[in-house]
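Notes follow the structure.
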Amino acid sequence: MTELLKVEALKKHFGEIYAVDGIDLTLQQGGFTSIIGPNGAGKTTFINLLTGRLFPDSGKIFFKGEDITRSPIHRRVKKGMGRSFQVTNILPRLTVFENIVIPVLSLRNKSLDPISKLGRLQSVRQSAEDILQAIGLLDKSALPAATLSHGDQRLLEIGIAMATHPTLLILDEPTAGMNPLERVHILKNIKRLALEQRTTFLIVEHDMDVVFSLSDRIIVMHRGKVLVDGRPEEIKGDQKVREVYLGEALPGMRCHGDPEAQGPGSRSRVPASSQPILEVQSIQTFYGHSHILQGISLDVHRGEVVCLLGRNGVGKTTTLRSIMGLTPPRSGSIRFQGQEIAGRKPYEIARLGIGYVPDDRRIFPELTVRQNLEMVRWVLPSEGPAGSSRPYWTLSKVYALFPKLKDLENQKGRHLSGGEQKMLAIGRALMANPDLLLLDEPSEGLSPLIVQILKEAIENIRSEGITLLLADQNLKFARTVADRAFILEKGRIQYGGSMEDLWKEEEIVKKYLAV
Amino acid sequence: MRKRRTPVFNSGSRQALHNRAHLGVVGGLNENRLKVYKGFGLIFLIAVLMVLPQVASRFYVYITLQILMLSLFALGFNFLFGYVGLLSFGHAAFYATGAYATGLILKNASTSLIPGVLGGTLIATLLALIIGFFCVRHTDVYFSMLTLAFGMMIYSLAWKWREVTGGDDGLIGIPRAPLEIPGGLRVSMRAMPNYYYFVLAISVLAIFLLYTIVKSPFGLVLQGIRENPGRVEFAGIPIKRYRLLAFVISGFFAGLAGALLAPLENTVAPAVADWTKSSEPILASLLGGVYTFAGPIVGSALFILLKESIVRRTEYWLLVYGIILLAILIGLRGGIVGAVFQRKGKKK
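Below, the structure written as structure tokens:
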């Protein structure tokens, strides 16, 4: 076997965070390699460096023996590197055939030809039709790409990457956001392509079924570094990998049963009532053609902390967004404090008393920390409705919760680190005096120290009488803050129960959350 | 799984896409029949244009000349906007350069029409290469603002560089030089119909040339760049170079339109470089339909005919004109040609 790709001490940082922090890697010709790792491990950044979307701060990339570290994208493609994208990235208004024919023209150096008629270029046509045949879209070749189902668009996505006949094909989450049926369909196709073509595959994937059924080699990334690199059997049994996917063992993190855990602000202060504050009943939510939530039902009681668990792409974020009205469900009911809110506008839902902290935080980058917080006061009434049980959040109260924010009061939002932005986003949501706070991936991408601060903050918020619904992939984090959990898988609730019970159900944990 | 996966199209335009799909798939018969209709329509149109000077007054010949020139201008503009997705607010720069350069050549250097028109067009094309070099580094509103800025630069040049452009007096006394063909043939262009036939021939040739480019592999790749530049780059295409090429082609057509203007009017004034001149091809393209080849031509005809018929009736013609344009733009979002084809798709 010959050496196809070689990466030496590759580094890339964004602000203070090293997204890729010294990766050394060699890929041989042939074979199927998967890259896995938690969110924010640097997988997509790594791929962007390989394919030329980003240039590294330091380190080198060799492809077929040539240094391509700073080559433009099109030159790498011409040299035999292809990629597909995590988010479907097709040419929507062109037909399926035209989508495939553009890379074929490029490959055959016909893309500058200004006089030939496309229909007359027989060999180009044939080559494009072969690809369409391989991905099973030949009968749809005259349709505009935007009219295809999401699954077919994902196939086309891979087809476009195939059409440049790459020696190395990099697929970024090829099955992301597909339903199980589409998933099987696309996998069969990838597998066939892997067998038929002499293509080397490098894929990033969160679906462990996919990873373990296809890979010869698995690379586990964590915090910008390669954590483990080995054959699937080795990865399956690796303790470190288990920890990364289950959540990190953090020194000093308090758990249930720890004597420390019963400190001030602990959950015993405000007992959860039996009265549900939020009832979600069999909601169905779609993104375009993708059926994301396939009948989710759950309830959250006043004073509780409830966590949605599950791998990436199972519908956790969509559930929060459905509740918040950002992607309204097509059917089903959502009742908040006895009132139906499904189909209401997000701002109405916010005024009823639901706060939302998105996973990407959405800080106002050009406003200072203080302005970010005060912004809420400008748009919302300064006090909750009369007779409301809501506590009244003030700047000083938010600063008391996150003392760091007080120090940064006059800094612009975009200069904050990820963790500080998260604190600010939570503080901003609190300034609206919510009864229910939705937190999306609160622990994602945060250093152990900040996770600890966050954990304490969540307990303090709860002791103020606010109910919390979180979505997180990190089971250990969830376990230390939540009373109950729902596990999602492929758009459905697979398990619901108390956190203590869940921790005992090793089978369920393994099946839905573990590697 | 998140906000980023919002659908690319709202349901309305998705419907339109289905219609287009329908049109394409419904078997060769309907598509072929459509082709035949289009062919007959084209022959009929050219025949009408051929006999026009024999049956219509000088005024209508003059109006048709204006339509032809705006068509070339708008086609050039829309090659960049409709096909590559770059909205230029400064195409009058090339139009004006074509007009001034042709005027200067005919006044000072050449006693023959073709070297004047060709030379003016080439100078405008060269300018497009220079301006395009800076502009294609940016997209969206940054691109548009850059083209606007360059356009205004050319405008102030036309206004201030008196020695060359004549300043606010304009360039006057441009001769409508005779057409000289090697072999001794010499056709006077004094009479309007003669010049009309010259412009008609050049327009038909130029439009055919542009149509060929649009339907070629290069044209398809440009449309791919419009749809999703990032993705086309991953097909191995150096997109900036392609955008620059498209910009130059676009400037060529705008320059040609301007070059044809100078001998017709015998004068060129700075108004041809004004930003309002840049807005004419934009409006004509939007009226006719930016995602169709013929859209800018239909739009140009409508633009000029509407203007002429309103100007004659009221002194508040701009007000009436504005209202009618707004109504068409809001009512027919795909432009006139776009709307016609959508309707056809629905019927089948």
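Read top to bottom, the protein sequences are chains A and B. So in numbering that gives the first Met the number 0, spot 190 of the first sequence is number 189, and the numbers just go up one at a time. So in numbering that gives the first Met the number 0, spot 341 of the second sequence is number 340, and the numbers just go up one at a time. Where is the CB? At the ideal position from N, CA and C, for every residue including glycine. The structure presented is a predicted model; accordingly, all values stated were derived computationally and were not measured.
For a test of the three-state rule: what should DSSP assign to residue i, helix, strand or coil?
i                 : result
Glu314 of chain B : coil
Val356 of chain A : strand
Leu93 of chain A  : coil
Ala351 of chain B : Look at the range of chain B in this structure, 0 to 347, and you will see that residue 351 of chain B is not part of it.
Gln336 of chain A : coil
Phe221 of chain B : Going by the sequence as given, residue 221 of chain B is Leu instead of Phe. Helix.
Ala261 of chain B : helix
Phe285 of chain A : strand
Leu167 of chain A : strand
Gln65 of chain B  : helix
Met0 of chain B   : Because the pLDDT at Met0 of chain B is just 38, under 50, the model does not fix this residue reliably, and the value given afterwards should be weighed accordingly. Met0 of chain B: coil per DSSP, three-state reduction.
Phe45 of chain A  : helix
Asp298 of chain A : strand
Ala481 of chain A : coil
Val50 of chain B  : helix
Locate the beta strand (DSSP E) running through residue i, then write down its first and last residues.
i                 : result
Pro269 of chain B : Unbroken run through Pro269 of chain B: none, as it is neither H nor E.
Gly229 of chain A : Lys224 to Gly229
Arg376 of chain A : It is not in any beta strand (DSSP E) - Arg376 of chain A instead sits in the alpha helix (DSSP H) that spans Val368 to Val378.
Tyr17 of chain A  : Ile16 to Gln27
Ser110 of chain A : Unbroken run through Ser110 of chain A: none, as it is neither H nor E.
His221 of chain A : Arg216 to His221
Phe31 of chain A  : Phe31 to Ile35
Ala176 of chain B : It is not in any beta strand (DSSP E) - Ala176 of chain B carries neither H nor E in the DSSP assignment.
Thr199 of chain A : Thr199 to Val203
Val6 of chain A   : Glu2 to Phe13
Taking 6 Å as the limit between beta carbons, can you name the residues of its chain near residue i, skipping five residues before and five after?
i                 : result
Tyr36 of chain B  : none
Gly314 of chain A : Ile291, Leu292, Leu487 and Gly490
Gly246 of chain A : Here Gly246 of chain A scores only 43 on pLDDT, less than 50, and its place in the model should not be relied on; the value that follows carries that caveat. Cβ neighbours of Gly246 of chain A beyond the five flanking positions: Asn473, Leu474, Lys475 and Phe476.
Asp228 of chain A : Ile218
Gly262 of chain A : Here the model assigns Gly262 of chain A a pLDDT of 35, short of 50, so the residue's position is not dependable, and the following value carries that caveat. The answer is none, since no qualifying residue turns up.
Val267 of chain B : Ala98, Tyr99, Gly102, Gly169, Leu170 and Ala261
Leu259 of chain B : Met68 and Val198
Ala456 of chain A : Leu400
Ile130 of chain A : Ile99, Gly158, Met161 and Ala162
Going by C-alpha distance, which of the options is nearest residue i?
i                 : options                                   : result
Met144 of chain B : B:Gln222, B:Arg230, B:Phe88 and B:Pro174  : B:Phe88
Gly29 of chain A  : A:Gly58, A:Arg216 and A:Asp129            : A:Arg216
Leu468 of chain A : A:Gln283, A:Arg483 and A:Ser105           : A:Arg483
Ile153 of chain B : B:Ile171, B:Val198, B:Gly97 and B:Pro174  : B:Gly97
Leu64 of chain B  : B:Gly333, B:Thr291, B:Ile206 and B:Phe197 : B:Phe197
Glu97 of chain A  : B:Leu184, B:Lys214, B:Val289 and B:Leu244 : B:Lys214
Leu297 of chain A : A:Gln410, A:Arg334, A:Ser70 and A:Gly236  : A:Arg334
Phe149 of chain B : B:Thr211, B:Leu125, B:His90 and B:Trp160  : B:His90
Lys405 of chain A : A:Gln370, A:Leu24, A:Val375 and A:Glu463  : A:Gln370
Need the endpoints of the alpha helix (DSSP H) that residue i sits in, please.
i                 : result
Asp139 of chain B : Asp139 to Lys159
Met191 of chain B : Met191 to Val213
Met188 of chain B : Note, Met188 of chain B: premise wrong, no alpha helix (DSSP H); not H, not E.
Ala404 of chain A : Residue identity differs from the one stated: residue 404 of chain A is Leu in this sequence, not Ala. First-last of the alpha helix (DSSP H) with Leu404 of chain A: Pro402 to Asp406.
Tyr494 of chain A : Taken as a continuous stretch (DSSP letters only), Tyr494 of chain A belongs to no alpha helix (DSSP H), being part of the beta strand (DSSP E) at Arg491 to Ser497.
Arg82 of chain A  : Looking at the DSSP string, Arg82 of chain A is not in any alpha helix (DSSP H); the run it does join, the beta strand (DSSP E), is Met80 to Ser83.
Ile130 of chain A : Gln121 to Ile134
Gly119 of chain B : Leu112 to Cys134
Using a Cβ-Cβ cutoff of less than 7 Å, which residues in the same chain neighbour residue i once the five nearest sequence positions on both sides are dropped?
i                 : result
Val186 of chain B : Pro177, Leu178 and Asn193
Asn88 of chain A  : Glu156
Leu49 of chain A  : Ile60 and Ile169
His12 of chain A  : Ala18 and Asp56
Leu364 of chain B : Past the edges of chain B, shown from 0 to 347, lies residue 364 of chain B, and the structure says nothing about it.
Considering only residues of the same chain and omitting the five flanking positions on each side of residue i, which have a CB-CB separation below 8 Å?
i                 : result
Gly118 of chain A : Arg124
Asn188 of chain A : Ala133, Ile134, Gly135, Leu154 and Ile157
Lys421 of chain A : Val356, Arg360, Pro441, Leu445, Ile449 and Leu453
Cβ pair count under 8 Å reaching 3, the region 232 to 248 of chain B against the region 94 to 107 of chain B
no
Counting Cβ pairs, one atom from each stretch, are 3 or more of them under 8 Å apart for the region 17 to 25 of chain A and the region 37 to 56 of chain A?
Yes, the region 17 to 25 of chain A touches the region 37 to 56 of chain A.
Any 3 or more C-beta pairs closer than 8 Å across the region 55 to 68 of chain A and the region 136 to 148 of chain A:
no
Check whether the region 260 to 276 of chain B and the region 307 to 327 of chain B touch, using three or more Cβ-Cβ pairs below 8 Å as the test.
no
When the Cβ atoms of the region 351 to 367 of chain A are set against those of the region 431 to 440 of chain A, are three or more pairs found closer than 8 Å?
Three or more Cβ pairs closer than 8 Å define a contact, and the region 351 to 367 of chain A meets that threshold against the region 431 to 440 of chain A.
Any chance the region 116 to 135 of chain B sits against the region 289 to 296 of chain B, with 3 or more Cβ pairs inside 8 Å?
No, because fewer than three Cβ pairs between the region 116 to 135 of chain B and the region 289 to 296 of chain B fall closer than 8 Å, the two stretches do not touch.
Touch check for the region 275 to 286 of chain A and the region 321 to 336 of chain A: three-plus C-beta pairs under 8 Å?
yes
Hey, is the region 113 to 132 of chain B in contact with the region 296 to 307 of chain B, meaning 3+ C-beta pairs nearer than 8 Å?
no
Could you say if the region 494 to 511 of chain A and the region 332 to 349 of chain A meet the contact criterion of at least three C-beta pairs nearer than 8 Å?
No, the region 494 to 511 of chain A does not touch the region 332 to 349 of chain A.
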